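Step one of this worksheet: look at the structure below.
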Amino acid sequence: MKSFRNPIIPGFHPDPSCILVDGVYYLVTSSFLYFPGIPIYTSRDLVQWTQIGNVITRPSQLSLAKCTIRQGTKNCGGVWAPTIRYHKGTFYVVATCVFPDKEFADHSRWENHIWSTKDPQARDAWSDGVRFDFPGYDTSLFWDEDDGDRMYIQGALYWRVKEGIAQFEIDLETGASLSGQPKPIWSGTGRPIPEAPHMYHKDGWYYLLVAEGGTELDHCATIARSRSVWGPFEECPDNPIVHAASKDAYFQTIGHADIFQSPEGQWFAVALATRDGRINFPMGRETVLIPGQWEPGSWPAFTARVESVMNTSADPPLPLPSINENILENFGRSEAGTLWPHNLLRLRNPDEQAYQFADGELYLWP
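So in my numbering, spot 359 of the sequence shown is number 360, and the numbers just go up one at a time.
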């Protein structure tokens, strides 16, 4: 890749998480109240992206029937902040289904699940969810390959009750905790609302990346590290490592990041961002890509100003991203009994008796 354009996935695509497996990048984003849920995009060059499907394609995997928008607020329920990871031949996605009508301290406000598949390219490939208890949201997965492949969940405690990032060791088959109640491991840098944690193990250090500042203009990503997965964690002296360049920059609210490395050794972060409309952000929270460095034993650094065109050489920029979401084309190929196109969204659970594909057309019944 010589250069690229941001956002790499435009429009309503917040809270990105990205991995590289066998030369293919896999990226997921939040879907909130929409079904099918948790879109999955793939790319070989980080520029041209194709939506290959969704994690949640059956109500049996996760019911959205009781998810709402909390009356009188901007607090939307549904699926928040998925994390995608790969381990020993299996893809995993973890996310939180949020019920904002429930009380802040009610643990049933948060419903956390892990889904898995061997082949994310297959439609309806993902398993039913393994549910686990966690008193918060933005849960993430981490395998400690230096300690017997123990699997840990990190997540954000709800800031209206108790701020901070907590962790526990999980039994992947049952969702049960193997380490008791989730243990707080870092409270952030002092900025409000630490959330969206991701753990990385590199050069003998455990790095904990989080979002802070809320999802508005002070949004950013900060990082800390420890010699133990349980801490204590020391803060990076250059925090925040991902943030908007200034309050008058084109891209604002940059944060909720995930870090990965290309086959050529280049480090990148994906993050959510909004394009400044001055009064509001009409395109919503979108996915941007940021090049960086991560020298051995040091801290990751993403110092480049996030721009519409990000150059890694003097070559001209590549074309605008191609996201392959031609719904009408999908209809034209449809036959009776064909599943709903993966990029055509509905609110909450689908009513399978209300529509049918036949002869390349979509029929709806009230």
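No residue lacks a Cβ here, since even glycine has one placed at the ideal position from N, Cα and C.
No experiment lies behind these values; they were computed from the predicted model shown.
Alpha carbon to alpha carbon, what distance is there between residue j and residue i?
i	j	result
I154	L142	5 Å
G79	L63	10 Å
Q168	V211	13 Å
P238	G165	19 Å
P121	V25	12 Å
S178	I171	5 Å
P317	F5	Unreliable positioning characterises P317 in this predicted model, as indicated by a pLDDT of 43, which lies under 50. The coordinate reading is nonetheless provided below. Cα to Cα, P317 sits roughly 9 Å from F5.
Q267	D107	43 Å
I260	D102	33 Å
A302	G293	6 Å
S61	D125	11 Å
R349	V310	36 Å
G156	A250	30 Å
E256	H220	Position check: residue 256 holds Gly in this sequence, whereas Glu was assumed. Whole-angstrom Cα-Cα distance: 5 Å.
G176	G361	42 Å
L34	G298	41 Å
E353	G181	41 Å
I194	I186	15 Å
I328	P40	Note that I328 scores a pLDDT of 47, beneath 50, so its modelled location is shaky; the value from the coordinates is reported in the next line. Their Cα atoms are separated by approximately 15 Å.
C77	F133	22 Å
F332	S109	Bear in mind that a pLDDT of 49 at F332, under 50, signals an unreliable position, so the model cannot answer this.
A315	F252	Model confidence at A315 stands at a pLDDT of 34, short of 50, so the residue's coordinates are unreliable; what they give is reported in the following sentence. Straight-line Cα distance between these residues: approximately 23 Å.
N344	G38	10 Å
P351	R59	9 Å
N240	Y27	27 Å
L363	Q49	29 Å
L346	V29	16 Å
K3	G191	38 Å
E265	S44	15 Å
T13	F269	The question names Thr, but residue 13 is Phe in the sequence shown. Whole-angstrom Cα-Cα distance: 21 Å.
D23	T51	17 Å
Under the DSSP definition of a beta bridge, which residues are partnered with residue i?
i	result
C221	E213 and H244
K184	Q168
L345	Note: L345 sits in no beta bridge, so no partner.
R1	An answer regarding residue 1 cannot be provided, because it is not within the stretch 2 to 367 covered by the chain.
I57	G38
Y159	According to DSSP, which records beta bridges pairwise, Y159 is partnered with nothing at all.
A302	Q294
W1	For the chain, the structure presents residues 2 to 367; residue 1 sits outside this window and is missing.
Can you tell me where the beta strand (DSSP E) holding residue i begins and where it ends?
i	result
I39	G38 to S44
A82	G79 to H88
T69	Unbroken run through T69: none, as it is neither H nor E.
F358	Y356 to A359
C237	Neither: C237 is in no beta strand (DSSP E) and is coded neither H nor E.
S141	G137 to D145
L28	V25 to V29
Q253	F252 to Q262
L179	Counting along the chain, L179 falls outside any beta strand (DSSP E), and DSSP gives it neither H nor E.
Y93	T91 to V99
T288	E287 to G293
M200	E196 to K203
H114	W111 to T118
N7	No beta strand (DSSP E) contains N7, which DSSP labels as neither H nor E.
E362	E362 to L365
V310	V310 to N312
I20	S18 to V22
V271	W268 to R276
F133	V131 to F133
Just to confirm, is the Cβ distance from residue i to residue j under 9 Å?
i	j	result
P198	F135	no
A225	L209	yes
W111	G137	yes
P367	A359	no
W144	K203	no
V36	I53	According to the sequence shown, residue 36 is Phe rather than Val. Taking 9 Å as the Cβ cut-off, F36 and I53 do not qualify as a contacting pair.
T254	T304	no
H88	D150	yes
L273	P15	yes
Q262	L21	yes
S18	V243	no
S128	A82	no
R161	F105	yes
R279	P8	no
Y201	R228	no
T140	A96	yes
E196	E213	yes
I291	A258	yes
Count the CB pairs spanning the stretch 272-289 and the stretch 226-241 that are closer than 8 Å, and state whether there are at least three. The stretch 272-289 vs the stretch 226-241: no contact.
Contact between the stretch 111-125 and the stretch 83-98 is defined here as three or more beta-carbon pairs at a separation below 8 Å; is this criterion met? The answer is yes - the stretch 83-98 touches the stretch 111-125, with three or more Cβ pairs under 8 Å.
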